[in-house]
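S.K.: Residues 29 to 347 in the numbering used here are what the sequence shown spells out, letter by letter. For each residue, glycine too, the CB sits at the ideal point set by N, CA and C. Starting off with a structure, shown below.
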Amino acid sequence: MVTNGGRRPEHFRAAVFCLGGGGVWGGEEVGRCRLKFFALPCSQLRRCVVTVGRRVAGVIMSEIPTNELNIFLDVARSAACEAGELLRRNFGNELEVDSKHAYDIKLALDRESQALITKRLLGAFPDHALLGEEGVDGPADSPFQWIVDPIDGTVNFFYGIPHFCVSIALRHQGETLVGVIYDPNLDEMFAVTKGGSPTLNGRQIRVSERCELADSIVTVGFAKSKESIDQYFERFKQISYQVRKTRMMGSAALALAYIACGRLDAYIEEQISTWDIAAGVLLVEVAGGVSRTVPRDERGEKFSICSSNGKLPLEQYYH
Ligand code: IPD
Ligand code: CA
Ligand code: CA
Numbered sequence: 029m030v031t032n033g034g035r036r037p038e039h040f041r042a043a044v045f046c047l048g049g050g051g052v053w054g055g056e057e058v059g060r061c062r063l064k065f066f067a068l069p070c071s072q073l074r075r076c077v078v079t080v081g082r083r084v085a086g087v088i089m090s091e092i093p094t095n096e097l098n099i100f101l102d103v104a105r106s107a108a109c110e111a112g113e114l115l116r117r118n119f120g121n122e123l124e125v126d127s128k129h130a131y132d133i134k135l136a137l138d139r140e141s142q143a144l145i146t147k148r149l150l151g152a153f154p155d156h157a158l159l160g161e162e163g164v165d166g167p168a169d170s171p172f173q174w175i176v177d178p179i180d181g182t183v184n185f186f187y188g189i190p191h192f193c194v195s196i197a198l199r200h201q202g203e204t205l206v207g208v209i210y211d212p213n214l215d216e217m218f219a220v221t222k223g224g225s226p227t228l229n230g231r232q233i234r235v236s237e238r239c240e241l242a243d244s245i246v247t248v249g250f251a252k253s254k255e256s257i258d259q260y261f262e263r264f265k266q267i268s269y270q271v272r273k274t275r276m277m278g279s280a281a282l283a284l285a286y287i288a289c290g291r292l293d294a295y296i297e298e299q300i301s302t303w304d305i306a307a308g309v310l311l312v313e314v315a316g317g318v319s320r321t322v323p324r325d326e327r328g329e330k331f332s333i334c335s336s337n338g339k340l341p342l343e344q345y346y347h
């Protein structure tokens, strides 16, 4: 999008010159124009303010082009594959436990998998930030933020149940643009970009057509606190009466991926974190479904979620 504030086009030629110029940092004088950049370096330029003297001559907002999204997607896919391979190699082995809590377990492998993913993502995009279940990395003020769950389904993994995955999403100024979810056991790679086609191992996917609760399969999740378990019991009973079957599979990211490809029709959980759902929510949306998330804590880190193919009457589970 380009707005010129009524100024002459040469100001824009100057700005466009810099947009394509590459390697421009900060601001630059071009003739009488001063170009001030937000989001550095130039290869990731998103906003450029052109001033003549002290007046703003124009603002250039650049959309993130599809080929750039595909570069992010490729890097995310290969990081997820590599981390998946690490999980596959360690599945069934004796595992180092970092900590055990009520309703949860943390493995050294959670950290190892995140470290590997971080190395790959921030190695490729050093000025991006990363928020993962096992910690944060990169410059905190970056407009780009990778959201990583290095093992989603750690309890399954620890008990030898082959249902877990790696989930990676990329956000730009809060908007999710890219998502991948990789199940190393089935070698299934779910991938999506905003405005693109959601795929499973390269083949396009879509949500199911089921529109009657009585025909549907709904998966539910019990999170990691007694409070959330208590909150959920009544709803669990309610939904179990309404649908064909409920399932509790132990990976939020795979639950969303399964909705996106039509295996499941809906997913409900009371307290879930951003890294569990970032990639999956984009997948479901682009595959034709809907997700309702409601913040459940003051820091905006926990949410309740009701995600579905968008055809089921689930309003009573939206909050
Ligand atoms: C958990 C899984 C589980 C969900 C929990 C999550 P983790 O993630 O997604 O299905 O019910 O709320 O925390 O700890 O295995 O990454
Ligand atoms: Ca998780
Ligand atoms: Ca995890």
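(1) Give a yes or no on contact between the region 186 to 195 and the region 289 to 301, applying the rule of three or more CB pairs nearer than 8 Å.
(2) Using the Cβ count rule (16 or more neighbours within 10 Å means buried), how would you classify Leu214?
(3) Mind pulling the beta strand (DSSP E) runs of 3 or more residues that sit fully within the region 82 to 153?
(4) How many Å lie between Gly310 and Val183 at the Cα?
(5) Taking its Cβ as the centre, do 16 or more other Cβ atoms sit within 10 Å of Val208, making it buried, or is it exposed?
(6) Would the C-beta of Glu161 count as close to ligand 3, meaning under 7 Å from any of its heavy atoms?
(7) Considering only DSSP beta bridges, list what Ile300 is partnered with.
(8) Quick one: using the 10 Å Cβ neighbour count with 16 as the cut-off for buried, is Val271 buried or exposed?
(9) Helix, strand or coil: which one does DSSP assign to Gly223?
(10) Could you check if Thr302 belongs to the surroundings of ligand 3, using beta carbon to heavy atom distance under 7 Å?
(11) Taking the runs of the beta strand (DSSP E) that are 3 residues or longer, which of them lie wholly in the region 158 to 234?
(12) Within its chain, find whatever has a CB closer than 8 Å to the CB of Thr94; leave out the 5 residues flanking it on each side and keep chain order.
(13) From the DSSP output, which residues share a beta bridge with Ile245?
(14) Roughly how many whole angstroms lie between the Cα atoms of Glu140 and Ala104?
(15) Whole angstroms are fine: how far does the CA of Glu110 sit from the CA of Pro154?
(16) By the 10 Å Cβ neighbour count, where 16 or more other Cβ atoms means buried, how is Arg324 classified, buried or exposed?
(17) Would you say Asp177 touches ligand 2, meaning its beta carbon is less than 7 Å from a heavy atom?
(18) Residues in its own chain within less than 7 Å of Leu342 by CB, not counting five upstream and five downstream?
(19) Just to confirm, does Ala108 get its C-beta within under 7 Å of one of the non-hydrogen atoms of ligand 2?
(20) Have a look at Arg320, Gly202, Ile179, Ile245 and flag the residue whose alpha-carbon is nearest the alpha-carbon of Arg275.
(21) Could you check the C-alpha separation between Asp304 and Gly120 for me, to the nearest Å?
(22) The beta strand (DSSP E) with Arg320 in it runs from where to where?
(23) Tell me whether Pro167 is buried or exposed, calling it buried when 16 or more other Cβ atoms sit within 10 Å of its Cβ.
(24) Under 8 Å between the Cβ atoms of Phe185 and Ile179?
(25) For a test of your reading of the model: does the CB of Thr146 fall under 7 Å from any non-hydrogen atom of ligand 3? Yes or no.
(26) Got a sec: does ligand 1 put a non-hydrogen atom nearer than 7 Å to the Cβ of Ser23?
(27) Using DSSP with H/G/I as helix, E/B as strand and the rest coil, what is Ser236?
(28) Would the C-beta of Asp180 count as close to ligand 3, meaning under 7 Å from any of its heavy atoms?
(29) Please list, in chain order, all residues of the same chain as Glu113 whose beta carbon is under 6 Å from its beta carbon, the five residues on each side excluded.
(30) In the DSSP output, which residue or residues are listed as bridge partners for Ser336?
(31) Report buried or exposed for His129, applying the criterion of at least 16 other Cβ atoms within 10 angstroms of its Cβ.
(32) Determine the direct distance from the alpha carbon of Tyr187 to that of Val164, and round the result to whole angstroms.
M.R.: Quick look at the numbers:
(1) These segments do not touch.
(2) With fewer than 16 other CB atoms across the displayed protein chains lying within 10 angstroms of its CB, Leu214 is exposed.
(3) Every beta strand (DSSP E) of 3 residues or more that sits fully in the region 82 to 153 is shown, in chain order, as 83 to 89, 125 to 129, 132 to 135.
(4) Rather than Gly, the amino acid found at residue 310 in this sequence is Leu. Leu310 and Val183: Cα-Cα distance of roughly 25 Å.
(5) Buried.
(6) Yes, the Cβ of Glu161 comes within 7 Å of a heavy atom of ligand 3.
(7) In the DSSP secondary-structure assignment, Ile300 is bridged to Phe331.
(8) Buried.
(9) Gly223 falls in the coil class under three-state DSSP.
(10) Checking the 7 Å criterion, the Cβ of Thr302 is out of range of every heavy atom belonging to ligand 3.
(11) For secondary structure counted as the beta strand (DSSP E) over 3 or more consecutive residues, the region 158 to 234 holds these complete runs in sequence order: 163 to 165, 172 to 180, 193 to 200, 203 to 211, 216 to 221.
(12) Correct list, in chain order: Thr221, Gly223, Gly224.
(13) BP columns for Ile245 point to Lys273.
(14) Pairing Glu140 with Ala104, the inter-Cα distance amounts to about 17 Å.
(15) Straight-line Cα distance between these residues: approximately 19 Å.
(16) It is buried - the Cβ of Arg324 has at least 16 other Cβ atoms within 10 Å.
(17) The answer is yes for Asp177.
(18) Listed in chain order, the non-local C-beta contacts of Leu342 below 7 Å within the same chain comprise Ala294, Cys334, Ser336, local neighbours out to five positions each way being set aside.
(19) Not so, every heavy atom of ligand 2 lies at least 7 Å from the Cβ.
(20) With distances taken between Cα atoms, Arg275 lies closest to Ile245.
(21) Using only the alpha carbons, I get a separation of about 23 Å.
(22) From DSSP, the beta strand (DSSP E) with Arg320 extends over 318 to 323.
(23) Answer is exposed; the Cβ neighbour count stays below 16.
(24) In this structure, Ile179 lies closer than 8 Å to Phe185 by Cβ.
(25) Exclusion of Thr146 from the 7 Å shell around ligand 3 follows from its C-beta lying no nearer than that to any non-hydrogen atom of the ligand.
(26) No answer is possible for residue 23: the residues shown for the chain start at 29 and end at 347.
(27) Here Ser236 sits in coil by DSSP.
(28) Within the cutoff, so yes.
(29) Result list for Glu113: empty, nothing under 6 Å.
(30) Ser336 pairs with Ala294, Val318.
(31) Classification of His129: exposed, given that the 10 Å Cβ count is below 16.
(32) Distance between the alpha carbons of Val164 and Tyr187 is about 27 Å.
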